[in-house]
Each structure stands twice: as structure tokens, then as C-alpha cells.
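Number of protein chains: 2
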Amino acid sequence: MALVFPFHPRVTVTLLVLLSVLSLAAGGKLLVVSVDGSPWFSTQELLGILRRKGHEIVVVAPEVTLHLKPSENFALKTYPVPFTQDEMDGNARAFFKDAFEEGSFLERFFRLQEKLKILTESAFITCEQLLNNKEIIRYLEESKFDALFTDPVFPCGAILAEHLSIPSVYFARGMPCGLDSEATQCPSPPSYIPRPFTGNADRMNFLQRAKNILVDASNLFLCNFFFQPYEKLASEFLQRDVTVLELLRKASVWLLRYEFVLDYPRPMMPNMIALGGINCAHKQLPQEFEAIVNASGEHGIVVFSLGSMVSEIPMKKAMEIADALGSVPQTVLWRYTGEVPPNLPKNVKLVKWLPQNDLLAHPKTRAFITHGGSHGVYEGICNAVPMVIMPLFGDQMDNAKRVESRGAGLTLNILEMTSKDISDALKAVINDKKYKENIQRLSDLHLDRPIHPLDLAVHWVEFVMRHKGAPHLRPAAHDLNWIQYHSLDVIAFLLAVVLLFLFISLKCCMFCCRRCCSKKGRKSKSKSKTH
Amino acid sequence: MALVFPFHPRVTVTLLVLLSVLSLAAGGKLLVVSVDGSPWFSTQELLGILRRKGHEIVVVAPEVTLHLKPSENFALKTYPVPFTQDEMDGNARAFFKDAFEEGSFLERFFRLQEKLKILTESAFITCEQLLNNKEIIRYLEESKFDALFTDPVFPCGAILAEHLSIPSVYFARGMPCGLDSEATQCPSPPSYIPRPFTGNADRMNFLQRAKNILVDASNLFLCNFFFQPYEKLASEFLQRDVTVLELLRKASVWLLRYEFVLDYPRPMMPNMIALGGINCAHKQLPQEFEAIVNASGEHGIVVFSLGSMVSEIPMKKAMEIADALGSVPQTVLWRYTGEVPPNLPKNVKLVKWLPQNDLLAHPKTRAFITHGGSHGVYEGICNAVPMVIMPLFGDQMDNAKRVESRGAGLTLNILEMTSKDISDALKAVINDKKYKENIQRLSDLHLDRPIHPLDLAVHWVEFVMRHKGAPHLRPAAHDLNWIQYHSLDVIAFLLAVVLLFLFISLKCCMFCCRRCCSKKGRKSKSKSKTH
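Top to bottom, those sequences are chains A and B. Sequential numbering of the first sequence, starting at 1, is according to my numbering. Sequential numbering of the second sequence, starting at 1, is according to my numbering.
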């Protein structure tokens, strides 16, 4: 039955606008799926603000998670998975422990791949369990959400958004195998946009550019390896053949954890919002940490954390690190949950957790030793603290290269570094003022923005909820195939026309020449006859 | 002499940061060059805000301008030009009058080109006069500006920025011959980004895509026609060979008067800031207009303006328009300075000027008759007023197509339209509620933004002044030539490697086969011998 308003059309329009504004004021309904690991930390802050603005938030998560915990800001709906918390933590620990284990490049590569397979498989099983959980799916179908918020790296959220016919907001730093560029139709010329994990910067020589293109070619297989299981699952669940790319292309807005102080300038599409530094909102430093910092005297402190995922380091390495930390006069706050190294110097305080961003914000903080995760690196930039980076995995190598190439920190190879290397690097970033000046310049540029990334993220989530998506930001490129997009059909047609024209012109010329010659020939013949 | 601070390095850094903050608080120094015509209106507002924020602004302009007038917000430095105000106004009038004159397509094209040549020539002479004015140039050299703000369509500002070695901010809707894409290194695939003046939308059929590519090809010649005189002038002035493209590539930030409710979604570079709707800030409606609007009764008003440049319309056309305006019950406010049509109906009030945006904002405004300039169209969208568009020139046809394709207005051909056409179109946009609904939807999307475009413009001008440019937003693509950018060298190399590999493999196979065959042959021979 159509809704009929017994008013003049103009009054009806005004009423509808008012109703939509009121429905916004009453808050929207947001579904959050497939966000865990370090992206959860900034998601949590975002959800807190959305909750305070009156929106209703439901987070769907497996019973076993890495960081996701219940909160008063959202309703948590959990579903069972066929593994325990210990098994999951063990897998994650094993994965990160691997980064410290030596071996030839090939040995390490295959070991890493094996561990990665275990992690991605458990993510896939988690997704399978969700989609097969009839009770939760029925609940979601009945709940009438306004939008879905998800980390697209695990495309479970994308499948659900399609099933529920609701618009989605993605929150990511990038996608495996460059699928984000394809899904957003964002041009990404390999000539100056370095591919992840290549160690390339934006200025590349010939061989680096060749490496970049080869990575693009290998992505065709990598994408298949990573996403094929999800395609099968999605096709079964949605009861029609779909590809993951097809699903990702439907995203309304991509909130991307990068921007152009750390990351290299590159094209963006209108629905790609750069939010690098979203995790830099400050809170009050807890009293116990304030006391430690204040007690550090004129030398101040060094903050040291290899991220929430690394719980233990091989003892030999840990002792080398401890040895190096003892060589600086600063108090070192080291987030570490493994076995305490017996040579732990007096100036090092081990803690199970530390308020990283708030410690970095303290004016007494002199340096930051980090694994180079994008969250940590942005916190280093926000707070203008020079860094010593020990990358372990993923985009951490690339982040480290970016910081180092800007003279704002130094990078160490976690496998090869000696105690002296660590000590030298740490002393350099603390005492050589160029590191502080460079990170200060980056920080000034980064913080000089018209709006805080967290507010920008809130705006776009609300925008998608209010307007049921953002179709006006969807480029028409999505409707073209590869040949059409690159205008190859038009170029071939125009070339054919030009060639045809040249051919006909040539034929005409030859025909004219022949006629002239034959006329001349006849003339000379007739002349010779008359003579 | 180097500046030496007698402090600890860390104290020095803090002091330097403090000093830079203080210098900002004391205000920067902005030079404004080559902004006239309709872009001046929004520039003026922007300069007003910058002035109130404590910045010093100097506008350099010829003694004869279209709209630029002295103001308390800036110091105006003028220089003489070899033509009078009457001559300039006459040229502009003749140019716009031409739009109403009939003739075959070719006749109109050549007439328009002739008039356009006169206008661009006078702009070029203006630039020449500025660069040859030793007194002003010396003053500018001595004034030590922090940044230069200019409309890059006339590249006089770009030449000056290069000479003065100061960063520049461009304010434009686009550039002739697609030079903006080239200068920003922004990808602009012709397969879904319609070229100006083609009448194409973002969804094109094969022939429209072919037309788009042919326009790209013709741009090579058009750019030459338009910018070659400036290249000669710039090379002489800067005393080295430069191209206009080379100068434009140095812009720190491009403030672009478009966004994606009116314009089609397309890639953007990090230093391209979309500011469509920058001109929609409301002021109080003057009392005389308030009175007219209030007296219009339940039917409300229609706002009619063909822009500040059209002063008169041929009498026959004016009478047809007047006739049509009489057919609606609304009061029509018509901005018109030409001879009053004798058949002017009672509901039409001719005015020499009207506060267009503030009138459109009035809830009693039912429709907007406009020539489709981007300023006017954005004001129509901001205020959700359905439009009847009579495009005259330039991007107005494209703007009209965009509004019409979104069902938010109707377009009329200014040469062919009859009194009935105008009346029908006007009645349709007023009475058919779909137009109001569509423009309301566009308006809701357009106004739902995290920050007002005017504030965004202020932020970026200040950013460039504070940081002496924005080099971190400059893509590395600027350092590549055409072959490198498109990776053609790498692709050729990889192809060569693959072909070489195939060739060697084939040769090896053939060699092996031959050896096998010859062995067999020898064997069979030796066999036959033994037999």
C-alpha cells in the first residue's frame, strides 16, 4: 500500500524532510561485523562517539576474539566457533614468534605462509560459523539496520551487507593483492605508487618499477588464494554466483587509515576518506604512569612496545634488547608479557600494558621503539616522537621505510640486529636533533587539518546511515569492462578509421598516378605515331 | 650569518615551533593576482574571512576590471592598461550578446571564436602590462609574501609566483584543454569522465566515448592556441625557457569549484580540494527584497538572472520571455539592465541587481531561471530550488545537462525556445513535485558535509602560508616522463624477456629434437649397416 499524505505536495516534501531529520536526531542503527585485531582499538573509539550521539550499535563477533570485549557503548551478539581462546591466542603467538626465528629466506617464507594459512583459515571458519548461524542471521534480518561497518580484509561483513541489502562503510588500511584499488576503481599507476611489501618508495628506478609490476601480476594468483573460499561461501549463502570483488565494489564509503604525511601522495576516489592518525585522540595519563614519567628526571623516558600481538621474544633476543636499553640514561617503559630477561637494567620498567598514545604525548618522551604498525607510527607522528622501528610483518616494513626515508627515525632488522645496533639507533634518535626536527615537521603538517579524522569518520558513518548509502559518490567506471575502461575499443576503432582513410587515399593516389602515366604513355605513343 | 640559539637543542626546537605559531597568529601575507569575473565574488568572501583572521592581503589588478572593486579587506595595487572601462565592458557585452544571435553552427562557432580571441587577447595584454610594470614588480619583490592566490585560467599569477619564489594556491572550476589534469597528474580516463563542452554525461555509449577521445586529441592544438603567447611572455620575463604546464605543476593546492552532487565522481589528487557550493553562505535579505517576497502571497516568487555579464537581450527574445513570465501566478524578480520590454507583465519586477543566493534561500522561492553558471547552479542546489536553465556559453551547457539528468530542472535552448517553451518549463518545475523532490535530495546530500567549503578554502590558504607550500602532497608522478608514467619501458622490457625466454626454450627444444632424430637416424642407419 502506498503511503498517502493528505497535504499539499510542498507541505508533504517539508514534512518528509522534517521526518528524516527527526529520525536522525533519534539516532540510526549500526551493525558492526568482522572487526578485530588492532583496527578494533580505533573502531571502539568511533563507536563510543556514535553511541554518545544517540545511535544504536550492535557488534556481531565470535565468542573467541583477539581484542574485542563487551562495552556499554554497544550490544554484543556472539556466536560459537569451533576453537578455544587458548587455541586462537596460541596461533597468533606462534605467528608473531615466527618473526624472530632465523632461517634462510625460503625457509622463513614457507614457515610464514604456513602460519598465515592457519590464521586465515580460522578467520574463514569464523565467517562460515556466522553465516550458518540461523538464529543470528534471523535476528539481523529482523533488526533493520541503517548501515554496516566492517573491516573488508575479511569479507564476511560485505557478504552480510549484501544479504541484508544495507549500505556499508569499510574501515581499512588497504586490501591484500591490491583489491582496494580495483574495488574502488581508483587508478593506481605502478610507476609511482609502491606496492605493499616491495620495500619500494614513490621514487623508483627501472628495476624497482619492474618489481612493482611483477607484484601486480602475482596479485592475480594471490587474490585467488586469499578470497576463493569466501567466493564459494558467499555464492552458497546468497544463492547466486558472486565474486568478492563484486561485493566490495558495493561499499558506500571506504574509511582508509592513511594520509599523505606518512603515505605517498596518490589518486583517491570521492568515496575514499583518508583518516590516518584517527587513533591519536588523547586521554588523561593514568596516575601510575604519570608518576613513572615524572620520576624520570631531565632525561625523560623511552616508550617501547612491539604491539599487542607480540607477547614473548626469544630469550637471547630479549637479553640483547635489555642490554641495549641499559645503555641510555632515559627510563624505558617496555610493554612485555614474556619471561623477564635476567639482565634487565635498572632504568627499564616492564609493564603488561601501557597507554601508548598518552605516554607518547608527554613532553618528557624522547623516543619510541615500535614494530611499525600503522597505528603506532601515526601515534609517533602525532606526538612528534622520533622512532626506532623493528618491523615484524605485513605493512610494517613499508611504514618503517617511510619514516626512515623522511629522516624521522631508524629501522632495525629484528633478526640481524645486535645489542650495539639497538643502542646506537636509540642514542641517535634521542641525541641527534635532526630526527626530532624532522618528526616535528611531519607532526606539524599532520596535525594541521581542517577536521579531526575521528570526527570525519563519525560524519561519514552518519552520512551513510542518513542517506542509505552514498550512490552519488559511485563512479560510472563500475559499469565498464576492462577494455571499455581503458578505451581500447575506441582506440582500435579510431586507428582502423585512420588506416582505412590512409589506405583509400593511397589507392586513389596510385589510381591517379596510373591514369596520368597511362595518359602520358598513350600521348607519347600517339605522338610517336604522328611522327 | 646563521641564526644561533643559545639553548639546548630541544628548547630551540620548541622555541622555533612557538615562533612559527606566533607568526601565524600575527597573520600571513597573501598576494592575489588574476582573479576577476564571477570567481571574484567567492574570492571576495574568502578574503574577507582571511582578513578578519589577521592576514594582510594585497590584490594586484589592472585599472580596468569587470567586477573587482576596492574593499577594506585588502590593499588594492592597480596598474594601467591600454584600454578603457567602456571598451572592456563593450567587449564582454558583445561576447555575451553573441549567444543570442542566430546563424548556422559554423557561423556561430567562428563568430564566438572571434569574440573569444578579443577577450583572451585583452587578458594577455593585461598580464603583459603587469609583468612589464617595473614599479609594481619591484614592490612585489620587496613585499615578501607568504603565498599567492590566483585563478590559473590566466597564468599570469603562476608566472609571478615562479618569479617571486612563493607557493601558490589556485582557485578554478577547471582549465581549458584539460590542462588541470595534466598539471595535477590526476588520472582522467576518457571512458567515464566527460570532457567539457561535449554534452556527454558519465555514462557514455561507444560514439560518445569516441567523441570524448577526439576532444582529448584536439586539446593538444587548443592548448597551444590558448597558452603559447603566455609561454613566450613567461620565458622572456623569467629569462629561461618555460612552458605553462611546467609552471602550473608547481601549484601547492588547487581549490576546485566542484563536488560530487553536481559533478560526476572522478579521481582526485591529495592537493585538489573540492569546494563546490563555496558561494552559498547566506546573508540577511535586504529590506526592499524582503518586502517584495512577502507581498508575493501564497504563490511565492521566481528568481530570474542570466548572470552579471548579460546586460541586454535582443528585444524580440526579451518580449517572448516577458510573455512567458506573465503566464505564472508567481512574482518574478528579473535581474535585467537592458531596454524594458513593452509587454512586461504586472507580476514581473525588473531589477538592476538582486541578492541571488539570499533570495533563493527564501522559503517562498519556487523556481530559479538561470544561465547555468556553476555559481548559480550551486546556489540553486544549496537552497533546493528547481531550475530552468538557459545555457549561453562555456561549462553552462554541461552544468545544465547535469541538473536535468538528475531531474532537478529543465534546459531550454536560448536560440530556439519559444514563449510557450519557457512557460511550459517554468510551470513544470513549479508544479510537478518531482523537480522539488529531486533538488531537495541533491541539496540534502550537498549540505551534509563535515565542514563548509569556505572554511575549507580558508584552511588550505592558511596551510600554504604557514608551511610555505604543501610539498608533501606533490605526487612523484611529476618526476616521470610519459613513457615512464605509463610503465611502457618496463612492459616492453618484460615482454622482451618473456619473448627471449620463449625463443631460447623453442631453440633448445628444436635442438634436442634434432639430436634425438639424428641419433635415431644414426641408430637406424647403423642398424641397417649391421643388418
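Glycine included, C-beta positions come from ideal geometry on N, C-alpha and C.
Which of helix, strand or coil DSSP assigns to residue i
{"i": "residue 437 of chain A", "result": "helix"}
{"i": "residue 79 of chain B", "result": "strand"}
{"i": "residue 268 of chain A", "result": "strand"}
{"i": "residue 260 of chain A", "result": "coil"}
{"i": "residue 336 of chain B", "result": "coil"}
{"i": "residue 122 of chain A", "result": "helix"}
{"i": "residue 366 of chain A", "result": "strand"}
{"i": "residue 378 of chain A", "result": "helix"}
{"i": "residue 485 of chain B", "result": "helix"}
{"i": "residue 59 of chain B", "result": "strand"}
{"i": "residue 21 of chain A", "result": "No answer about residue 21 of chain A holds up, because its pLDDT of 46 lies below 50 and its placement is not dependable."}
{"i": "residue 254 of chain B", "result": "strand"}
{"i": "residue 134 of chain B", "result": "helix"}
{"i": "residue 468 of chain B", "result": "coil"}
{"i": "residue 490 of chain B", "result": "helix"}
8 Å Cβ cutoff, residue i in contact with chain A
{"i": "residue 362 of chain B", "result": "no"}
{"i": "residue 472 of chain B", "result": "yes"}
{"i": "residue 487 of chain B", "result": "yes"}
{"i": "residue 538 of chain B", "result": "Because residue 538 of chain B is not part of the residues shown, which for chain B are 1 to 531, the question remains open."}
{"i": "residue 268 of chain B", "result": "yes"}
{"i": "residue 210 of chain B", "result": "yes"}
{"i": "residue 251 of chain B", "result": "no"}
{"i": "residue 484 of chain B", "result": "yes"}
{"i": "residue 398 of chain B", "result": "no"}
{"i": "residue 203 of chain B", "result": "yes"}
{"i": "residue 171 of chain B", "result": "no"}
Chain-order list of residues whose beta-carbon lies under 7 Å from that of residue i (same chain, five-residue window excluded)
{"i": "residue 464 of chain B", "result": "147, 167, 169, 252, 253, 470"}
{"i": "residue 94 of chain A", "result": "115"}
is_contact[residue i, chain B] using C-beta, thresh 8 Å
{"i": "residue 549 of chain A", "result": "It is not possible to answer for residue 549 of chain A, since the shown part of chain A is limited to 1 through 531."}
{"i": "residue 261 of chain A", "result": "yes"}
{"i": "residue 293 of chain A", "result": "no"}
{"i": "residue 192 of chain A", "result": "yes"}
{"i": "residue 459 of chain A", "result": "yes"}
{"i": "residue 215 of chain A", "result": "no"}
{"i": "residue 512 of chain A", "result": "no"}
{"i": "residue 450 of chain A", "result": "yes"}
{"i": "residue 186 of chain A", "result": "yes"}
{"i": "residue 146 of chain A", "result": "no"}
{"i": "residue 467 of chain A", "result": "yes"}
{"i": "residue 225 of chain A", "result": "no"}
{"i": "residue 180 of chain A", "result": "no"}
{"i": "residue 477 of chain A", "result": "yes"}
{"i": "residue 189 of chain A", "result": "yes"}
{"i": "residue 456 of chain A", "result": "yes"}
Expected contact under 8 Å - CB spacing of residue i and residue j to nearest Å
{"i": "residue 137 of chain B", "j": "residue 131 of chain B", "result": "7 Å"}
{"i": "residue 264 of chain B", "j": "residue 477 of chain A", "result": "That pair is no contact at about 10 Å."}
{"i": "residue 30 of chain B", "j": "residue 171 of chain B", "result": "Not quite, the Cβ-Cβ distance comes to about 12 Å (not below 8 Å), so this is no contact."}
{"i": "residue 278 of chain B", "j": "residue 257 of chain B", "result": "6 Å"}
{"i": "residue 399 of chain A", "j": "residue 377 of chain A", "result": "5 Å"}
Neighbourhood of residue i by C-beta, 6 Å cutoff - its chain only, sequence neighbours within 5 removed
{"i": "residue 443 of chain A", "result": "381, 384"}
{"i": "residue 244 of chain A", "result": "155, 227, 230, 231"}
{"i": "residue 35 of chain A", "result": "43, 151"}
{"i": "residue 512 of chain A", "result": "none"}
Cβ shell of residue i (< 8 Å), same chain only, five flanking positions each side left out
{"i": "residue 267 of chain A", "result": "186, 187, 188"}
Residue i: CB within 7 Å of a non-hydrogen atom of the ligand GTP
{"i": "residue 228 of chain B", "result": "What this structure holds is no ligand at all, so the ligand GTP is not there to describe."}
Inset, instruction - Check whether the stretch 403-414 of chain A touches the stretch 373-392 of chain A, taking contact to mean three or more Cβ pairs, one atom from each stretch, closer than 8 Å. - result: Yes, the stretch 403-414 of chain A touches the stretch 373-392 of chain A.
Inset, instruction - Tell me, please, whether the stretch 67-77 of chain B touches the stretch 41-59 of chain B by the rule of three or more beta-carbon pairs shorter than 8 Å. - result: yes
Legend entry - Validate contact between the stretch 339-351 of chain B and the stretch 366-385 of chain B using beta carbons, cut 8 Å, 3 pairs: no
Inset, instruction - Please confirm if the stretch 297-308 of chain A is in contact with the stretch 323-337 of chain A, defined as three or more CB-CB distances below 8 Å between the two stretches. - result: yes
Inset, instruction - Specify whether the stretch 267-281 of chain A and the stretch 450-467 of chain A touch according to this definition: at least 3 beta carbon pairs, one from each stretch, less than 8 Å apart. - result: Flag = yes, the stretch 267-281 of chain A and the stretch 450-467 of chain A touch.
Inset, instruction - Report yes or no: do three or more beta-carbon pairs, one from the stretch 84-93 of chain B and one from the stretch 316-333 of chain B, lie closer than 8 Å? - result: no
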